[in-house]
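Undergrad: Heads up: the sequence lines are chains A and B, in that order.
Under UniProt numbering, think of the first position of the first sequence as 1, with each following residue one higher.
Under UniProt numbering, think of the first position of the second sequence as 1, with each following residue one higher.
Protein chains: 2
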Amino acid sequence: MSDRVVPPAARRRRRPTKQGVVLSAELIVDTALRLIEEHGADALSVRRLGRALGADPSSLYRYFRDTDDLMLAIADELIGRALRSWRPTGDWTADLRELGLRMHAGALAHPRAAVLSAHRVTGRAHEIQAVESILGVLRGAGFPGPEAVRIYHAFVDQALAFGALDSAGTALPRAAREAEAQVWRTTYGRLPAETHPHIAATAGHLVTTMRASSYPAALELFLTAARTRLERLRAGTGDARPH
Amino acid sequence: MSDRVVPPAARRRRRPTKQGVVLSAELIVDTALRLIEEHGADALSVRRLGRALGADPSSLYRYFRDTDDLMLAIADELIGRALRSWRPTGDWTADLRELGLRMHAGALAHPRAAVLSAHRVTGRAHEIQAVESILGVLRGAGFPGPEAVRIYHAFVDQALAFGALDSAGTALPRAAREAEAQVWRTTYGRLPAETHPHIAATAGHLVTTMRASSYPAALELFLTAARTRLERLRAGTGDARPH
DNA sequence: CTCCACAGGTCAACGGTGTTGTCGTAAGGT
DNA sequence: ACCTTACGACAACACCGTTGACCTGTGGAG
Chain A
1 MSDRVVPPAA RRRRRPTKQG VVLSAELIVD TALRLIEEHG ADALSVRRLG RALGADPSSL
61 YRYFRDTDDL MLAIADELIG RALRSWRPTG DWTADLRELG LRMHAGALAH PRAAVLSAHR
121 VTGRAHEIQA VESILGVLRG AGFPGPEAVR IYHAFVDQAL AFGALDSAGT ALPRAAREAE
181 AQVWRTTYGR LPAETHPHIA ATAGHLVTTM RASSYPAALE LFLTAARTRL ERLRAGTGDA
241 RPH
Chain B
1 MSDRVVPPAA RRRRRPTKQG VVLSAELIVD TALRLIEEHG ADALSVRRLG RALGADPSSL
61 YRYFRDTDDL MLAIADELIG RALRSWRPTG DWTADLRELG LRMHAGALAH PRAAVLSAHR
121 VTGRAHEIQA VESILGVLRG AGFPGPEAVR IYHAFVDQAL AFGALDSAGT ALPRAAREAE
181 AQVWRTTYGR LPAETHPHIA ATAGHLVTTM RASSYPAALE LFLTAARTRL ERLRAGTGDA
241 RPH
């Protein structure tokens with residue numbers, strides 16, 4: 001029943017809910033984000049969102065076709081917020097690092113939205129702006145077109161993929177998260193050296209390293225590789241790929 | 001109510017269900033994987049799984065504490081299948097490449113399961129074996145303990161993250177996938193050079209490059225960076241990090 | 001200034017979900 | 001042959017997204 005949603009242009013009445021709240025798409029998106037932030041990803045359901053807004057759950061269907069539609073609106077808002085104040089500095093490595101960290105942080109701030117929207121191409125204004133910016137940094141650094149596109153693709157996917165991965169981790173119920181830490185401490189921390197020599201030899205590092213996100217490390221490795229590639233390109237060897 | 005689950009050692013009775021099926025943890029996991037493959041991740045619910053097995057939904061709680069417990073078992077089974085026949089060759093770069101591609105391929109083979117389980121630490125047999133193998137390759141290559149762990153973490157997360165990302169893409173309904181391709185062709189392919197010079201300059205490459213997975217490229221970049229790091233370590237400079 | 005179309009809020013209901021307390025029964029060990 | 005108990009079945013609970021029907025008061029037209 002998609003005629004339930006009235007296109008923004010046709011909206012005119014601002015009738016308040018029983019509890020005196022005047023709804024709008026913006027208010028709903030903002031409230032949803034606040035709900036996720038304050039009470040965790042599990043707190044976002046149509047019913048809870050309705051309660052938080054002071055409105056009947058079914059009212060939301062006057063503004064969004066279904067929950068997926070709502071999630072996309074949230075994702076769009078997220079992209080906007082993440083890159084709102086970014087400006088290139090001219091140092092391509094620093095610029096890429098900053099962009100990557102911002103995208104990752106933006107995803108982590110709103111786990112559920114990140115998981116749902118990571119694999120989507122929206123073709124909307126914010127996304128287009130991001131593509132243009134990143135390609136600009138790479139081409140400005142000296143990567144020729146095809147190479148810039150290849151690196152762009154890997155870079156964006158890495159940021160989105162790690163964002164979604166780490167988001168899924170933070171979206172876990174608290175009990176499950178503690179269980180994971182426990183697994184590293186007890187299961188992996190106590191394997192005998194005879195059967196699992198490498199795990200036993202690095203157990204201490206495993207326990208401490210595995211609880212944080214590996215994105216910063218992966219990003220640094222990415223930047224290292226990109227710089228290596230650029231150097232080989234400048235050195236004139238057409239083939240920068242390891243065989 | 002965790003005393004509902006009987007530890008494997010204490011199991012003795014093989015009482016069939018009303019429909020004549022003899023349950024077991026293995027049968028449940030296999031059926032869950034089949035269900036996910038055939039009907040999508042949304043098709044996996046305790047009730048549907050029970051129906052597919054020919055058993056009451058609540059029977060599953062004799063084998064798994066909750067759905068999360070079941071997901072971990074599924075994830076571990078996937079890891080096991082992916083690495084079943086892998087053997088190290090002694091060439092650490094080639095070994096890592098092979099491991100990465102296998103994990104990624106394994107995720108793509110079970111897209112819906114991969115999306116659900118990519119971010120979990122199972123602490124079960126297959127996963128432990130995988131950790132030991134990868135750490136073995138890295139330490140064998142000459143990476144000292146802490147560095148090996150850091151690289152291990154980034155490597156595994158990258159394989160899992162890209163696996164989940166690409167899986168999510170293939171799991172989309174056909175209509176949505178075609179819509180995405182359309183977006184690249186029309187929206188991005190037709191932006192004017194005045195407003196979006198970098199996109200316009202690389203439009204052709206964008207359209208062709210963006211439809212394939214970027215994991216192979218990202219993996220090569222990763223290996224390049226790892227080799228660079230190792231060389232710097234061997235050269236004796238303690239700090240292998242770009243400043 | 002009145003009128004009335006209809007945007008939009010509300011209500012009730014449907015069919016789904018994970019999970020648990022309880023009970024009956026048959027399989028195994030003794 | 002007996003007893004214990006593993007384990008399958010059932011019913012119930014509280015939640016979920018979604019929709020059809022209803023009602024109300026707002027804002028533009030005359």
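By construction, the Cβ of each residue, glycine as well, lies at the ideal position given by its N, Cα and C atoms.
With a CB to CB cut of under 7 Å and the five nearest residues on each side skipped, what residues in its chain are close to THR170/A?
TA: LEU108 and PRO111
Undergrad: Between the region 210-230 of chain B and the region 94-105 of chain B, do three or more beta carbon pairs fall short of 8 Å?
TA: yes
Undergrad: In this structure, how does DSSP classify TYR152/B when only helix, strand and coil are distinguished?
TA: helix
Undergrad: Closer than 7 Å by C-beta to SER2/A: which residues in its own chain qualify, once you throw out the five before and the five after it? Chain order, please.
TA: Residue placement at SER2/A cannot be trusted, given a pLDDT of 42 that sits under 50; what the coordinates show is reported in the next sentence. Here the set comprises ARG65.
Undergrad: Please state the DSSP three-state secondary structure of PHE162/B.
TA: helix
Undergrad: Counting pairs of Cβ atoms below 8 Å between the region 85-96 of chain B and the region 22-34 of chain B, do you hit three or more?
TA: no
Undergrad: Taking the alpha-carbon positions, what's the ALA240/A to LEU230/A distance?
TA: With a pLDDT of only 47 at ALA240/A, under the threshold of 50, the placement of this residue in the model should not be trusted; the figure read from the coordinates follows. Looking at the two C-alpha atoms, the distance is approximately 8 Å.
Undergrad: CB ASP166/B to CB HIS119/B, shorter than 9 Å?
TA: no
Undergrad: Keeping to the same chain, check which residues put their C-beta closer than 7 Å to that of LEU47/B; ignore five residues upstream and five downstream.
TA: For the record, residue 47/B in the displayed sequence is Arg; it is not Leu. Around ARG47/B: PRO57.
Undergrad: Can you look up GLY90/B in the DSSP assignment and give me helix, strand or coil?
TA: Three-state DSSP puts GLY90/B in coil, outside helix and strand.
Undergrad: Are LEU53/B and VAL21/B touching if we call contact CB-CB under 9 Å?
TA: yes
Undergrad: HIS39/B: buried (16+ other C-beta within 10 angstroms of its C-beta) or exposed?
TA: exposed
Undergrad: Residues in the same chain with beta-carbon distance under 8 Å from LEU223/B, minus the five sequence neighbours each way, listed in chain order, please.
TA: THR93, LEU96 and ARG97
Undergrad: For a test of the three-state rule: what should DSSP assign to SER58/B, helix, strand or coil?
TA: The answer is helix: DSSP assigns SER58/B an H, G or I state.
Undergrad: List, in chain order, every chain B residue whose beta-carbon is nearer than 8 Å to that of ARG177/A.
TA: The premise fails here: ARG177/A is roughly 10 Å from chain B at the closest Cβ pair, so nothing lies under 8 Å.
Undergrad: So, is ALA235/B buried or exposed, given that buried needs 16 or more other C-beta atoms within 10 angstroms?
TA: exposed
Undergrad: So which of ALA43/B, LEU78/B and SER117/B has the shortest CA-CA distance to ALA130/B?
TA: Ranking ALA43/B, LEU78/B and SER117/B by CA distance to the CA of ALA130/B puts LEU78/B first.
Undergrad: What separation, rounded to the nearest whole angstrom, lies between the Cα atoms of VAL29/A and SER214/A?
TA: 30 Å
Undergrad: Using a C-beta to C-beta distance shorter than 7 Å, which residues of chain A count as neighbours of SER214/B?
TA: Going along chain A in sequence order, the residues near SER214/B (Cβ under 7 Å) are HIS153, ALA154 and ASP157.
Undergrad: Buried or exposed: which applies to SER117/A, given that a residue is buried once 16 or more other Cβ atoms fall within 10 Å of its Cβ?
TA: buried
Undergrad: If the criterion is Cβ atoms closer than 9 Å, does the pair HIS198/A and GLY136/B meet it?
TA: yes
Undergrad: Would HIS39/B pass as an interface residue toward chain A - the criterion being a Cβ-Cβ separation below 9 Å?
TA: no
Undergrad: Is the shortest distance between the beta-carbon of ASP76/B and the beta-carbons of chain A less than 9 Å?
TA: no
Undergrad: Leaving out five residues on either side along the sequence, give the residues of the same chain with a beta carbon under 8 Å from the beta carbon of TRP184/B.
TA: LEU206, VAL207, MET210 and ARG211
Undergrad: Nearest CA to the CA of GLY50/B: which residue from GLU37/B, LEU138/B, PRO7/B and LYS18/B?
TA: LYS18/B
Undergrad: Say whether chain A places a C-beta atom closer than 9 Å to the C-beta of MET103/B.
TA: By this cut-off, MET103/B is not an interface position.
Undergrad: Sorted by chain position, which residues of the same chain lie with C-beta nearer than 6 Å to PRO7/A's C-beta, five sequence neighbours on each side aside?
TA: none
Undergrad: If you reduce the DSSP assignment to three classes, tell me which class PRO242/B lands in.
TA: Confidence in PRO242/B is poor, its pLDDT being 47 and thus under 50, which makes the residue's placement too unreliable to answer from.
Undergrad: Hey, THR187/A and GLY123/B: beta-carbon distance below 9 Å or not?
TA: yes
Undergrad: Could you work out which residues of chain B lie near MET210/A, taking near to mean beta carbons separated by less than 7 Å?
TA: HIS153
Undergrad: Within 9 Å of any Cβ in chain A, is that where the Cβ of THR89/B sits?
TA: no
Undergrad: With the cut-off set at 9 Å, would you say ALA113/A and MET71/A are in Cβ contact?
TA: yes
Undergrad: Can you confirm whether TYR188/B, when its beta carbon is compared against all beta carbons of chain A, has any partner nearer than 9 Å?
TA: Yes, its Cβ sits closer than 9 Å to a Cβ of chain A.
Undergrad: Among the residues of its own chain, which have a CB less than 6 Å from the CB of GLY80/A, if the five just before and after it don't count?
TA: So the list reads HIS126, once near-sequence residues are dropped.
Undergrad: Alpha carbon to alpha carbon, how far is HIS243/A from ALA148/A?
TA: Only weak support exists for where HIS243/A lies, its pLDDT of 43 falling under 50; the value from the coordinates is given anyway. The alpha-carbon atoms of HIS243/A and ALA148/A are separated by roughly 20 Å.
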